[in-house]
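Trainee: Mind having a look at this structure? Questions to follow.
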Amino acid sequence: MGSSFKRRLVRYCLGAVGALWLVAAGSQPLRFDADPNLFATLALGEEPGSVDVGVLTGGRVAYVARQNGMDGKAVSADASGAASQGRRIYEIGSISKVFTGLLVAQAVERGDLGLDDKLGVLLRGKVRFVSPEVEAITLRQLLTHSACVPRLPPDFSEDRTPENPYAVYNRQRLWLALGGLKLESPAPCAASYSNFGLGIVGEILSEHYGKPWHVLVRENITAPLGMYDTVQLLGDKSTRMAPAFNHAATAGVWDFQALAGAGALRSTAADMLIFSRAVMAGRNGPLGPAAERMLTPLGVFQSNRIGYAVMMRGPEGRRTYFHEGSTGGYRTLWMVAPDTQDALVVLTSNAHAQPGKAFVAITAMRYPIVTTPVAADAGVLAAYAGVFRVDKLTAFTFVPQDGLLYRRITGGGFRPMVQTGPDTFADTAFGVQYVFTRRDGAITGVDYTQGGGGMSGVRTGEAAPPTAVVPLDRQKDYVGRFSLDRTLRRPLDFDVKTENGQLAVRSGNWSRRPVFPVPGQADRFVYENPNAQLLFERDAGGKVVALVLFEGGVMRMHRMAD
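And the structure:
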């Protein structure tokens with residue numbers, strides 16, 4: 002279980018954009034000018050580590066810093082230190098892609114590069130391509146994640162360590178992997194997030210200008226703006242780095258070579274607000290026309306617009322531009338709203354923090370949904386039951402239960418909704434709306450909206466489970482900690498909780514995952530991966546006393562004292 006999670010951790014880190022759909026906000030909509038402490042609390046929760054929040058609103062800048070101890074409780078911070086001034090340093094992960102996109106926008110403005118320049122031309126004499134389809138990939142397709150390349154290079158797992166997975170991947174390996182790549186179909190494809198793709202863009206820039214990517218960032222962006230704490234190489238700044246955590250375990254920093262353009266930068270809340278102000282100033286600001294160009298829509302990502310690696314929500318004229326970042330021990334968020342000249346930066350030092358909650362809260366305020374319930378007929382809810390697929394990785398599942406319609410998206414748990422109109426349902430606490438579509442009277446699809454963005458699903462023949470969740474009073478039976486002592490290995494510890502009405506389980510320092518009742522089998526639950534199941538055992542008096550994990554074997558854990 003541990004090794005497979007580490008593989009997934011590397012796969013999903015540097016790219017948490019899709020995870021915004023899974024964020025459990027459970028908070029009222031918030032404005033940019035809300036108390037910054039609210040954003041800090043939303044993001045870090047009860048995880049150990051630190052959070053720095055920077056807010057630009059009404060022309061004024063405010064910073065908040067919070068520190069949690071190993072017990073997850075807030076401890077006092079140094080009110081005069083770097084944290085209170087937004088100068089504590091964090092890895093910003095995939096927010097680095099925005100800087101790569103800006104470098105390309107600057108190059109296009111200068112006439113040095115073109116969006117439709119192809120790899121075969123850009124890398125002539127440097128890469129031997131076996132596939133004409135790969136040679137034909139363009140910068141535009143790489144920037145918008147529509148180039149059909151995988152999330153990571155095919156040989157990425159060779160010689161890497163989970164603790165610092167990008168450190169040994171160099172340019173020679175990148176070019177060999179790119180040259181040997183074969184595509185399932187020619188570009189453009191439906192957008193699929195790719196660190197490989199943005200890493201390629203970073204190295205193309207480096208090759209074109211004859212300088213390392215981080216030098217290009219410094220010379221063209223950070224030094225002119227006075228962002229002296231935004232760096233790839235820490236040097237003497239290492240003492241200001243926020244210590245990183247993976248839940249309760251310490252985590253290290255990540256180093257980069259050839260894939261630097263996808264996620265290598267470290268920065269501060271103060272620097273990122275300087276950057277935000279410059280971006281929102283547009284063509285008349287310090288970044289010139291490239292600032293406007295980088296926010297120009299180039300394609301579609303998950304049914305929403307995407308610019309020069311910049312994600313977007315909302316309609317033209319009221320768009321919110323953003324990116325999230327994830328590395329081994331850091332989770333970060335950058336978002337700007339040029340129409341109101343507001344910006345928010347949330348930097349956290351725990352892999353289990355959720356800065357995306359702040360994004361969901363703000364976009365719920367900027368792009369509200371109808372939340373007033375209407376009289377619903379529980380008898381017709383069965384018509385909405387089913388699985389609606391967005392793409393090969395993402396689906397919506399709807400289950401009628403106890404007079405309510407429950408919903409979930411791949412990777413998340415079930416949530417109840419209220420009906421707000423014909424074929425329209427809302428999860429008001431999350432700012433989520435679903436509108437079912439019909440053809441000849443039959444429900445054939447669903448449109449999902451949250452925070453100014455959305456996506457659509459098509460009904461499949463897959464059957465929905467008969468039950469979404471077990472009643473809360475029964476869930477309480479299972480809540481607790483379970484442990485198994487193992488010879489020569491760490492104990493196996495499971496922490497079972499109810500979160501937002503859904504039973505969820507955390508193993509050790511791994512992410513908490515929802516589990517679902519197995520039809521017809523009391524006290525048995527299944528993970529999203531059906532090969533992993535749990536059985537809660539009861540004593541003669543009906544009290545849950547043990548937990549059995551079925552995953553590649555059978556492991557029985559006893560219940561620990563409260």
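Be aware that the sequence shown starts at 2, since it is given in the working numbering, and climbs by one per residue. From the three backbone atoms N, C-alpha and C, an ideal C-beta is built for every residue, glycine too.
In terms of residues, what are the limits of the alpha helix (DSSP H) holding residue 484?
Mentor: Element bounds for residue 484: not the alpha helix (DSSP H) but the beta strand (DSSP E), 481–487.
Trainee: Using only alpha-carbon positions, find the residue among 315, 253, 167 that is nearest to residue 262.
Mentor: The shortest Cα separation from residue 262 among 315, 253, 167 belongs to 167.
Trainee: Given 8 Å as the limit, is there contact between the stretch 260–279 and the stretch 89–106, that is, 3 or more CB pairs closer than that?
Mentor: yes
Trainee: So, residue 536 versus residue 483, is the Cβ gap smaller than 8 Å?
Mentor: no
Trainee: Using CA coordinates, which residue listed in 496, 228, 375 is at the minimum distance from residue 477?
Mentor: 496
Trainee: In terms of alpha-carbon separation, which member of 429, 431, 424, 252 lies closest to residue 437?
Mentor: Closest option to residue 437, Cα to Cα, is 424.
Trainee: What first and last residue would you give for the alpha helix (DSSP H) that runs through residue 336?
Mentor: No alpha helix (DSSP H) contains residue 336, which is instead part of the beta strand (DSSP E) from 331–338.
Trainee: If I measure Cβ to Cβ from residue 503 and keep anything under 7 Å in the same chain, skipping five residues before and after, which residues do I get?
Mentor: 414, 415, 470, 515
Trainee: Pairs of beta-carbons, one from the stretch 288–298 and one from the stretch 365–385, closer than 8 Å: are there three or more?
Mentor: no
Trainee: Which full runs of the alpha helix (DSSP H) of 4+ residues lie inside the stretch 461–532, going along the chain?
Mentor: 473–479
Trainee: With a cut-off of 8 Å, do at least 3 Cβ pairs link the stretch 138–153 to the stretch 183–201?
Mentor: yes
Trainee: Counting pairs of Cβ atoms below 8 Å between the stretch 215–226 and the stretch 99–106, do you hit three or more?
Mentor: yes
Trainee: Classify residue 70 as helix, strand or coil using the three-state DSSP reduction.
Mentor: coil
Trainee: Can you give me the C-alpha to C-alpha distance between residue 499 and residue 287, rounded to a whole angstrom?
Mentor: 49 Å
Trainee: Would you report the Cα separation of residue 164 and residue 481, rounded to the nearest angstrom?
Mentor: 30 Å
Trainee: In the DSSP assignment, find the unbroken alpha helix (DSSP H) run with residue 262 in it and report its ends.
Mentor: Where residue 262 is concerned, the enclosing alpha helix (DSSP H) stretches over 261–264.
Trainee: Just reading off the beta strand (DSSP E) that residue 1 is part of, what are its end residues?
Mentor: This structure gives no information on residue 1, because the portion of the chain shown stretches from 2 to 563.
Trainee: In terms of residues, what are the limits of the alpha helix (DSSP H) holding residue 51?
Mentor: Unbroken run through residue 51 is the beta strand (DSSP E), 50–58; no alpha helix (DSSP H).
Trainee: State buried or exposed for residue 229, treating a residue as buried only when at least 16 other CB atoms are found within 10 Å of its CB.
Mentor: Residue 229 comes out exposed.
Trainee: Residues in the same chain with beta-carbon distance under 8 Å from residue 401, minus the five sequence neighbours each way, listed in chain order, please.
Mentor: 379, 382, 383, 385, 386, 407
Trainee: Whose C-beta lies closer than 8 Å to the C-beta of residue 556 among residues of the same chain, with five residues either side of it excluded?
Mentor: 485, 493, 549, 550
Trainee: Once DSSP output is grouped into helix, strand and coil, what is the label at residue 180?
Mentor: Residue state, collapsed to three classes: helix.
Trainee: With DSSP as the reference, please indicate the residues paired to residue 420 in a beta bridge.
Mentor: 426
Trainee: If you compare alpha carbons, which of 333, 245, 390, 339 is closest to residue 303?
Mentor: 390
Trainee: Going by other Cβ atoms of all chains shown within 10 Å of its Cβ, with 16 needed for buried, is residue 67 buried or exposed?
Mentor: buried
Trainee: Could you give the distance in angstroms between the alpha-carbon of residue 110 and the alpha-carbon of residue 284?
Mentor: Distance between the alpha carbons of residue 110 and residue 284 is about 11 Å.
Trainee: Would you kindly check if the distance between the Cβ of residue 433 and the Cβ of residue 420 is under 8 Å?
Mentor: no
Trainee: By alpha-carbon positions, which one of 187, 226, 442, 399 ends up nearest to residue 428?
Mentor: Looking at 187, 226, 442, 399, the one whose alpha-carbon comes closest to that of residue 428 is 399.
Trainee: At the level of alpha carbons, what is the spacing between residue 347 and residue 86?
Mentor: 14 Å
Trainee: Whose C-alpha, out of 47, 45, 59, 65, is nearest the C-alpha of residue 36?
Mentor: 65
Trainee: The alpha helix (DSSP H) spanning residue 144 covers which residue range?
Mentor: 140–144
Trainee: At what residues does the beta strand (DSSP E) containing residue 409 begin and finish?
Mentor: 405–410
Trainee: Would you call the stretch 118–126 in contact with the stretch 134–144, where contact means no fewer than 3 C-beta pairs closer than 8 Å?
Mentor: yes
Trainee: Which same chain residues end up closer than 6 Å to residue 272 when comparing Cβ atoms and leaving out the 5 residues on each side of it in sequence?
Mentor: 228, 230, 231
Trainee: Please state the DSSP three-state secondary structure of residue 1.
Mentor: For the chain, the structure presents residues 2 to 563; residue 1 sits outside this window and is missing.
Trainee: Output the distance between the C-alpha atoms of residue 411 and residue 512, rounded to the nearest integer angstrom.
Mentor: Rounded to whole angstroms, residue 411 to residue 512 spans 15 Å at the Cα level.
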